[in-house]
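*Asks:* Before anything else, here's the structure in question.
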Amino acid sequence: MTMENPAKPLHGRVAVVTGASSGIGEASAEHLAALGAKIAVLARRAERLDDLVARIEKNGGTAMAFAADVTDSAAVQRAADQVEAELGGADLLFNNAGVMLPAPIEELRTDQWRQQIDVNVTGLMNVIGAFTPQLVRTAGERGVADLINTSSIGAQNIFPNFAVYSGTKAYVTHLSRHLRVELGPKNVRVAAIEPGIVGTELQGHVTDDGALEWLAGSKETIEWLTPEDIAETVGFIATLPPRVNLQQVVVMPTGQPS
Ligand code: NDP
Numbered sequence: 448m449t450m451e452n453p454a455k456p457l458h459g460r461v462a463v464v465t466g467a468s469s470g471i472g473e474a475s476a477e478h479l480a481a482l483g484a485k486i487a488v489l490a491r492r493a494e495r496l497d498d499l500v501a502r503i504e505k506n507g508g509t510a511m512a513f514a515a516d517v518t519d520s521a522a523v524q525r526a527a528d529q530v531e532a533e534l535g536g537a538d539l540l541f542n543n544a545g546v547m548l549p550a551p552i553e554e555l556r557t558d559q560w561r562q563q564i565d566v567n568v569t570g571l572m573n574v575i576g577a578f579t580p581q582l583v584r585t586a587g588e589r590g591v592a593d594l595i596n597t598s599s600i601g602a603q604n605i606f607p608n609f610a611v612y613s614g615t616k617a618y619v620t621h622l623s624r625h626l627r628v629e630l631g632p633k634n635v636r637v638a639a640i641e642p643g644i645v646g647t648e649l650q651g652h653v654t655d656d657g658a659l660e661w662l663a664g665s666k667e668t669i670e671w672l673t674p675e676d677i678a679e680t681v682g683f684i685a686t687l688p689p690r691v692n693l694q695q696v697v698v699m700p701t702g703q704p705s
């Protein structure tokens, strides 16, 4: 495939991107499409997905939108069934939907704990459950498939008041390590990307004053990453020779100390 058209190294591949209505997912969907993959994008905001699909198609790509909540396992499975039927099955899953709601633990924001666990852990698993059979099958047929999960630097470092979010991301990283061992022998590469701060809508959902202040200070002193920086990383992982599996990739803003 790569030999046929070096400008489109993902030609012939089918990529699913969750959390594609903004930020990292949106930029990655566009980048993977530019590299030649057919794209299925999933998030809750249908209009944003429709705009994205229109942009990809305008640039000569192929894309489909699925307005679905990742916490709804039946809706995710319906999307997977349609990807199988219409695009021939996914061989690249960028499992990226997520939410970050920091707050001191003593405030007992159990609603926000639940939302983060539901989306970042249960939602991530719903997507893995729906698409892993396709990844395994297509890897067998096409020689390689990719499962790329979005974790965070929070999976490694300690950020006060980010305990629940960081806990969900530690889950994502450790899960990815385990899945790599299970799926690697079946030609499915598994990677966890752990970004530092990326300027997206993620920070816009934060309600805690202390965290908002910390983020505002950081924005003044550090040049944050852009969603495109992470999209490039996703594209790099997916275009490596099939024998190469980048297991865990930390992408930090140069000026972010930890
Ligand atoms: P955005 O808020 O811009 O994007 C989050 C995406 O997730 C949106 O497309 C949103 O779509 C989707 N999403 C949220 N909840 C659900 C849900 N229940 N069902 C389906 N989709 C959902 O933030 P980012 O692009 O920054 O976030 C992408 C990933 O990157 C997340 O996992 C985040 O934790 C991680 N990350 C981000 C960092 C940063 O600094 N920005 C750093 C490290 C990791 P919609 O609302 O339409 O459903």
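Here the sequence shown is numbered in this note's numbering, starting from 448 and rising by one per residue. Beta carbons are placed, not taken as given, at the ideal position from N, Cα and C, and that holds for glycine.
#1: Who does LYS485 pair with in a DSSP beta bridge?
#2: List, from N- to C-terminal side, the beta strand (DSSP E) runs of 3 residues or more that fit wholly inside the segment 580 to 654.
#3: Answer yes or no: the CB of SER599 versus the heavy atoms of the ligand NDP, is any distance below 8 Å?
#4: Buried or exposed, going by whether 16 or more other CB atoms sit within 10 Å of the CB of HIS625?
#5: With 9 Å set as the bound, which would you pick, yes or no: does the beta-carbon of PRO607 sit closer than that to a beta-carbon of chain B?
#6: Taking ALA476 as the reference, give the member of THR686, ILE684, ASP656 and ALA510 with the closest Cα.
#7: If I measure Cβ to Cβ from LEU548 and keep anything under 6 Å in the same chain, skipping five residues before and after, which residues do I get?
#8: What distance in whole Å lies between the Cβ atoms of VAL696 and GLU641, which are believed to be in contact at a cut-off of 8 Å?
#9: PHE609 to ALA550, Cα distance in whole Å?
#10: Which same chain residues end up closer than 6 Å to ARG460 when comparing Cβ atoms and leaving out the 5 residues on each side of it in sequence?
#11: On the DSSP letters alone, give me the boundaries of the beta strand (DSSP E) that ALA678 sits inside.
#12: Assuming contact is defined by CB atoms lying nearer than 9 Å, are GLY472 and VAL464 in contact in what I supplied?
#13: Under 9 Å between the Cβ atoms of ALA577 and ARG636?
*Replies:* Per the coordinate set shown:
#1: LYS485 pairs with VAL461.
#2: Taking 3 residues as the shortest admissible run, the segment 580 to 654 contains the following complete beta strand (DSSP E) segments, listed from N- to C-terminal end: 592 to 597 and 635 to 642.
#3: Yes, the beta carbon of SER599 sits closer than 8 Å to at least one heavy atom of the ligand NDP.
#4: Exposed.
#5: No chain B is present in this structure, which holds just one protein chain.
#6: Nearest option by C-alpha distance: ALA510.
#7: Counting only residues of its own chain and dropping the five nearest sequence neighbours on each side, LEU548 has a CB closer than 6 Å to the CB of GLN559 and GLN563.
#8: GLU641 to VAL696, Cβ: 7 Å. Contact.
#9: When rounded, the separation of the alpha-carbon atoms in PHE609 and ALA550 is 7 Å.
#10: Excluding sequence neighbours, ARG460 sits near ALA484, ASP538 and LEU539.
#11: Per DSSP, ALA678 is not a residue of any beta strand (DSSP E); the alpha helix (DSSP H) it occupies stretches across 674 to 686.
#12: A contact, by the Cβ cut-off of 9 Å.
#13: In this structure, the beta-carbon distance from ALA577 to ARG636 does not fall below 9 Å.
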